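Data first, discussion second: the structure below is written as structure tokens.
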Amino acid sequence: MVKKDNLELIKFKNVTKTFAAVGNAKEVHAVKNVSLSVQKGEIFGVIGYSGAGKSTLIRMINGLERPTSGEIIVSGEDVAKLSKKRLQQLRHKIGMIFQNYNLLKTATVYQNIFLPLKLEKLPVNDIRERVEKYLKIVGLWERRNSYPTQLSGGQRQRVAVARALAHEPEILLSDEATSALDPETTKSILRLLQKINTELGITIFLITHELDVVQEICDKVALIDKGNLIEQGKTIDLFTHPQKTITQKFLGTSDSLGVPIDYLKAEQKTKKLLLLQFVGNEASQPIIADFSQHFGIKPNILAGSINYLKGNPYGKLLLSIKSVDDVYSQELKYIRDQGVIVKEVTDL
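Residue 50 in UniProt numbering sits at position 50 of the sequence shown, with consecutive numbering throughout.
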């Protein structure tokens, strides 16, 4: 398993990107004063709505776009200050996969990986070894003589992954790589990316608008909206303790859990509303049943959900209970003692 350490492999420092006005089009502030860092060995995800600035952000990492201001440090070097030659050398450390694969339609699977390496003037025997190695890693060695048009979308994306890996990069950038795939194929590509991260030690920086993607594989995640960095942190923290209203809306994690506000306000007149969050093993324990038996009350479960972050369950329950003040603090303590995060919902 790859070791995640404190080495910052990618660092954005107060980065802004503005596209100048062209013709009748207005000036576009695509990225606004963004600061974030990615540690070596992490899978870091950036989520946001379409037009949020995600693609501009990822394209600045390998110099496809230059920042208007601020610094982007990759492997210890300021990308914007590199000469053309040095930037090309840095790009050898950075692989990239896209939503549309960008494969040569008239070349076989084998040739799609062989030809870019040939342009780098590597020894032919080394190229052959790499092509075989990485096609086997992505599970397509047996399809090496096929053409892209003979492959499924998921297989074409695997070829694109193998092509990126064949340069043996430190970093793999994923620009909405699963957006055009069906759910089952998406899962298979995510498992492949996780395997690459774990077994090859490659740091992955991905952008997506799909929550399932970050829930499945990301160690950390950042939300951007209209070019602004709204919130960032460990994936589990962002999903269980989102601090910003925009984050709660995007993640679907508002305290109401989708229950109509008028109904909750009616419940509040005679009962207390509690939002419980379960992480890990607690998500499968009969905590509510034990609570009910212990205090002799029957909570009303208004809504609930269970999801998974990197295979670990986390869940939420919205309850209403009748309680008296002298017992209420004991009830909250009992729930917290079971390892459950609980808060009273008062602000609707």
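Ideal Cβ placement from N, Cα and C applies to all residues, glycine included. Fair warning: this is a prediction, and the values are worked out from it, not measured in the lab.
Nearest to residue 183 (by Cα), restricted to the options 29, 309 and 213: 213
Residues near residue 1 in its chain [Cβ-Cβ closer than 8 Å; skip 5 each side]: Confidence in residue 1 is poor, its pLDDT being 47 and thus under 50, which makes the residue's placement unreliable; the coordinate value appears in the next sentence. These residues qualify, in order along the chain: 198.
Of the listed residues 120, 172 and 268, nearest to residue 9 (C-alpha basis): 172
Of the listed residues 309, 325, 313 and 288, nearest to residue 337 (C-alpha basis): 288
Residue environment, residue 91, which counts as buried when at least 16 other CB atoms sit within 10 Å: buried
Three-state secondary structure (DSSP) of residue 34: strand
Closest Cα partner of residue 238 within the set 148, 227, 252 and 226: 252
Exposure label - residue 145; buried when at least 16 CB within 10 Å: exposed
Terminal residues of the beta strand (DSSP E) in which residue 215 lies: Note, residue 215: premise wrong, no beta strand (DSSP E); alpha helix (DSSP H) at 211-217.
Contact check, residue 34 vs residue 307, beta carbons under 9 Å: no
Unbroken beta strand (DSSP E) run spanning residue 262, endpoints: Element bounds for residue 262: not the beta strand (DSSP E) but the alpha helix (DSSP H), 261-268.
Endpoints, the alpha helix (DSSP H) within which residue 153 is located: 153-165
Alpha carbon of residue 69 to alpha carbon of residue 32, nearest angstrom: 9 Å
With 16 other Cβ atoms within 10 Å as the buried cut-off, status of residue 115: exposed
Residues bridged to residue 46 [DSSP beta-bridge criterion]: 207 and 222
For residue 363, three-class secondary structure by DSSP: An answer regarding residue 363 cannot be provided, because it is not within the stretch 1 to 348 covered by the chain.
Paired residues, beta bridge with residue 39 - DSSP: 8
Residue 16 (DSSP reduced to helix, strand or coil): strand
Residue(s) in a DSSP beta bridge with residue 300: 320
Rounded C-alpha distance that separates residue 85 from residue 95: 17 Å
Rounded straight-line distance, which links the Cα of residue 132 to that of residue 112: 12 Å
Reduced DSSP category for residue 345 - H, G, I as helix; E, B as strand; rest coil: coil
Same chain only: Cβ atoms within 6 Å of residue 161, ignoring 5 sequence neighbours per side: 97 and 138
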